[in-house]
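S.K.: Numbering (this note's numbering), first residue to last: 46 to 356. Below is a structure I'd like to ask you about.
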């Protein structure tokens, strides 16, 4: 079967085109991942969807296809943590130290991703040794070459496609809980709805720095997602009174020195602990965002002692 019938569904013209159902989207993406679709048809489908905006059912269907295409490839994990941010405005990946804190609470984290157009200081992969032993990172290009090829179509189109969203939804380790960062706020509810269709029970989505799951500690943050399969929409209050961007271009952060305590940066530390708090809350390690924040601060204060005990 070719991809043509699915392109016809979304691109017939005004009054005749419609969105794909979940099953149709899953079938279409299965053809694409199996290499059975003409590249022109793939481009047409993805760009039409970008123009009119994808639906939760389409995202869920694409995600289901990706999950079936790559299954059982990763070790078991408690938390799925996608990392697909791009952009030269990103600073140091503070979320890696947040993940390390969550790992110190004895949770296993599956992190997967690809990050392009980033400066050396923002490189996720160059700083992976700081993420700790409980974080297992899988590079997209080796985890699923077909998915990586789809993501790389951005270089051909000059535009992102909805596949960026699908990768955040993927959860290749089948973890019971997942966290996601988005760049555009409208995607928070879209991804929540798609996750509910896929049967996800625990999910937290925020507008994060560059699209990563990394919260701004001096802003009120809208938190979307799922708890026990039910949709949530809560607010994480600001923790600092400070007016600055999450990542200042001229403000370098030494992650290693920060973790070792040889450098002090209250804003960066608040970013780390508040991000870890949302992850811990997602894992049900604490019943509320506020109690999760206290737990995270304690983990940070005791981080060196905890690692000495674990050594």
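Beta carbons: idealized from backbone N, C-alpha and C, even for Gly. A quick note: this is a predicted structure, and the numbers were derived from the prediction, not measured.
In or out: residue 216 buried (at least 16 other Cβ within 10 Å) or exposed?
M.R.: Here residue 216 corresponds to residue number 171 of the chain shown, with the count starting at 1. By the neighbour-count rule (16 or more Cβ atoms within 10 Å), residue 216 is buried.
S.K.: Based on the DSSP secondary-structure assignment, which residues constitute the bridge partners of residue 376?
M.R.: Residue numbering for the chain in the displayed model covers 46 to 356; residue 376 lies beyond these limits and cannot be assessed.
S.K.: Can you give me the start and stop residues for the alpha helix (DSSP H) that residue 74 sits inside?
M.R.: Locating residue 74 in the chain shown gives position 29, counting from the first residue. 67 to 78 is the span of the alpha helix (DSSP H), which, as asked, contains residue 74.
S.K.: Would you mind working out which of 318, 346, 175 sits nearest residue 338, comparing C-alpha positions?
M.R.: Translated into the one-based positions of the chain shown, residue 338 becomes position 293. Nearest C-alpha to residue 338: 318.
S.K.: Report, in whole angstroms, the separation of the C-beta atoms of residue 224 and residue 324, which I expect to be a contact under 8 Å.
M.R.: Residue mapping note: residue 224 aligns to position 179 of the chain shown, counting from 1. Residue mapping note: residue 324 aligns to position 279 of the chain shown, counting from 1. About 5 Å; that satisfies the 8 Å criterion.
S.K.: Over what stretch of residues does the beta strand (DSSP E) that includes residue 184 continue unbroken?
M.R.: Stepping through the chain shown from its first residue, residue 184 is reached at position 139. Taken as a continuous stretch (DSSP letters only), the beta strand (DSSP E) holding residue 184 covers 180 to 184.
S.K.: Residue 239 to residue 307, Cα distance in whole Å?
M.R.: Along the chain shown, one-based indexing puts residue 239 at 194. Along the chain shown, one-based indexing puts residue 307 at 262. So the alpha carbons of these two residues sit roughly 43 Å apart.
S.K.: Using CA atoms only, rank isn't needed, just tell me which of 281, 259, 266 is closest to residue 138.
M.R.: Here residue 138 corresponds to residue number 93 of the chain shown, with the count starting at 1. Looking at the Cα atoms, 259 is the closest of the given residues.
S.K.: Determine the direct distance from the alpha carbon of residue 267 to that of residue 278, and round the result to whole angstroms.
M.R.: As a working note, residue 278 is residue 233 in the chain shown. As a working note, residue 267 is residue 222 in the chain shown. Approximately 7 Å, taken between the alpha carbons.
S.K.: Does the region 116 to 127 come within contact of the region 151 to 159, defined as at least 3 CB pairs closer than 8 Å?
M.R.: With the cut-off at 8 Å, the region 116 to 127 and the region 151 to 159 touch.
S.K.: Locate the beta strand (DSSP E) running through residue 222, then write down its first and last residues.
M.R.: Position 177 of the chain shown, counted from the first residue, corresponds to residue 222. Segment 222 to 227, the beta strand (DSSP E) holding residue 222.
S.K.: Buried or exposed, going by whether 16 or more other CB atoms sit within 10 Å of the CB of residue 286?
M.R.: Numbered from its first residue, the chain shown carries residue 286 at position 241. Residue 286 is exposed by the Cβ-count criterion.
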